[in-house]
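In order, the protein sequences belong to chains A and B.
Quick note: to get our numbering, add 849 to the position in the first sequence (first position is 1).
Quick note: to get our numbering, add 849 to the position in the second sequence (first position is 1).
In this text, a Cβ means the ideal position worked out from N, Cα and C, and glycines have one as well.
Protein chains: 2
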Amino acid sequence: MEFNLVKSIEILERTPSVLEHLLHNISPEWAMSNEGGDSFSPYDVVGHLIHGEKTDWMVRLELILSDKADKTFQPYDRFAQFAESKGKNLDQLLTEFKTLREKNLALLQSKKLQEKDLLKTATHPALGSVTLRQLLATWAVHDLSHIAQITRVMCKQYKEEVGPWITYLPILTR
Amino acid sequence: MEFNLVKSIEILERTPSVLEHLLHNISPEWAMSNEGGDSFSPYDVVGHLIHGEKTDWMVRLELILSDKADKTFQPYDRFAQFAESKGKNLDQLLTEFKTLREKNLALLQSKKLQEKDLLKTATHPALGSVTLRQLLATWAVHDLSHIAQITRVMCKQYKEEVGPWITYLPILTR
């Protein structure tokens, strides 16, 4: 499938409501448990997505489109949500994510991006030169991959409870 | 996390609306593409979930609770949806799944299952003896694992488009 802006926005605009229907008012055992160590719980993932809305995707898009001499992205802090989500419950985070995403998609649409804009580049601190097109494709994939992660983490809370069916559920041992 | 009927139903009752918000009216490139070979597209997964509602979960529950002499499950056809979904569009399947799931959850609630019911067993044709508790835990995990699968399959449609970011997206090479 080739990159398409409209079809990328199809994904981006759905994620807040998908997460709301998956997680709103769910028991803490499902929302707050992780895969061990410093891995993310569903609650942590929503905080991570909020941090991305604030500091990553649209900030990087603006930098790519700008006339700045140094177009190097700020590194992204993948653990910022552990501090930033403190004191907020999951439903507050879901609402915050929805609001930020709506704002960012309105801003994205207002750019009226052309094909030539999608080819513009900036420098990722670890990955080197990247295009706006790649940034937008990654934003959509990042959303989907975190829905996959949330559901995988939730699956694993019942790892012992499925008994012999574990044989048919490779997700539990991934 | 220990098995809990109410918390299992929390998952089971959400899946239809999660899938609806993820897939309703989405472009066919997202819905109909798979991971190659006879792997499932999101469309195929919804058909697979429908087949489970019709022939697997509650049918097996009824068998476990029954007084039948032979409590061996019928084998489950994991490819039935390739024939059964023919001629139906994705939105029809999403509605069909929602209706069947509502009906099955109403039936499940009507059983007023007790702890002693959860310990009742039947024979899985490949896995041997399984309990009702394990069946119900597996039903919830099966739902979540297929949401994870759908989003993974969707991610992969942009595998080429994310460029160097593929390094940070292990889901694309899984």
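For residue i, which residues of its own chain have a beta-carbon under 6 Å away from its beta-carbon, when the five flanking residues on both sides are left out?
i	result
A/Lys947	Pro865
A/Ala975	none
A/Phe852	Arg982 and Ala986
B/Glu911	none
B/Trp906	Trp988
A/Thr892	In the sequence on display, residue 892 of chain A carries Tyr and not Thr. Hits under 6 Å: Ala880, Met881 and Leu939.
Take the Cβ of residue i as the centre, count every other Cβ of all protein chains shown within 10 Å, and call the residue buried at 16 or more, exposed below.
i	result
A/Val855	exposed
A/Gln1006	buried
A/Gly901	buried
A/Met881	exposed
B/Phe928	exposed
B/Glu862	exposed
A/Leu956	exposed
A/Ser994	buried
A/Asp887	exposed
A/Asp916	exposed
Hey, could you find the ends of the beta strand (DSSP E) residue i is sitting in?
i	result
B/Val1011	No beta strand (DSSP E) holds B/Val1011; DSSP gives it neither H nor E.
Given that residue i touches chain C, what residues does it touch there, using C-beta distances under 9 Å?
i	result
B/His973	The structure shown contains no chain C; its protein chains are A and B.
To which residues of the same chain is residue i closer than 8 Å at the C-beta, ignoring the five residues directly before and after it?
i	result
B/Ile1015	Lys1008, Leu1021 and Thr1022
A/Arg909	Phe922, Ala971 and Leu984
A/Ile899	Gln930, Glu933, Ser934, Leu942, Glu945, Phe946 and Leu949
B/Leu954	Ile858, Leu861 and Glu862
B/Gly936	none
A/Cys1004	Leu1018, Ile1020 and Leu1021
State the start and end residues of the unbroken alpha helix (DSSP H) segment that holds residue i.
i	result
A/Thr856	The sequence given here places Lys at residue 856 of chain A; Thr does not occur at that position. Leu854 to Leu872 is the extent of the alpha helix (DSSP H) around A/Lys856.
A/Pro877	Pro877 to Ala880
B/Gln930	Gln930 to Glu933
Could you tell me the alpha carbon to alpha carbon distance between residue i and residue j, rounded to whole angstroms?
i	j	result
B/Lys1050	A/Asp926	Chain B is shown from 850 up to 1023; residue 1050 of chain B falls before or after that span and cannot be answered.
A/Gln998	A/His991	10 Å
B/Asp940	B/Leu981	32 Å
B/Lys961	B/Val867	26 Å
A/Tyr1017	B/Leu914	23 Å
A/Lys848	A/Glu859	Since the displayed chain A opens at 850 and closes at 1023, residue 848 of chain A lies outside it and no answer follows.
A/Ser890	B/Glu869	24 Å
B/Glu964	A/Ile875	23 Å
A/Gly896	A/Asn883	14 Å
B/Asp966	B/Asn938	39 Å
B/Lys903	B/Ser857	19 Å
B/Ala918	B/Ile996	36 Å
A/Pro924	A/Arg1001	27 Å
A/Leu872	B/His873	19 Å
B/Pro1013	A/Met850	17 Å
A/Gly977	A/Val894	26 Å
B/Val1011	A/Val1011	36 Å
B/Gly885	A/Ser959	37 Å
Spatial neighbours of residue i within its chain, please: CB distance less than 7 Å, with the 5 preceding and 5 following residues excluded, ordered by chain position.
i	result
A/His973	Phe922 and Val979
B/Lys920	Leu912, Ile913, Ala971 and Thr972
A/Glu878	Gln1006
Does the ligand HEM have even one heavy atom less than 7 Å from the beta-carbon of residue i?
i	result
A/Ala986	Annotation note on the ligand HEM: not contained in the displayed structure, which lists no ligands.
Please give the ranges of any alpha helix (DSSP H) in the segment 884-918 of chain A, keeping only runs that are unbroken, at least 4 residues long and fully inside the region. 891-904 and 906-914
In the segment 945-1007 of chain B, which residue ranges form an unbroken beta strand (DSSP E) of at least 3 residues, counting only runs that do not cross its ends? 970-973 and 977-980
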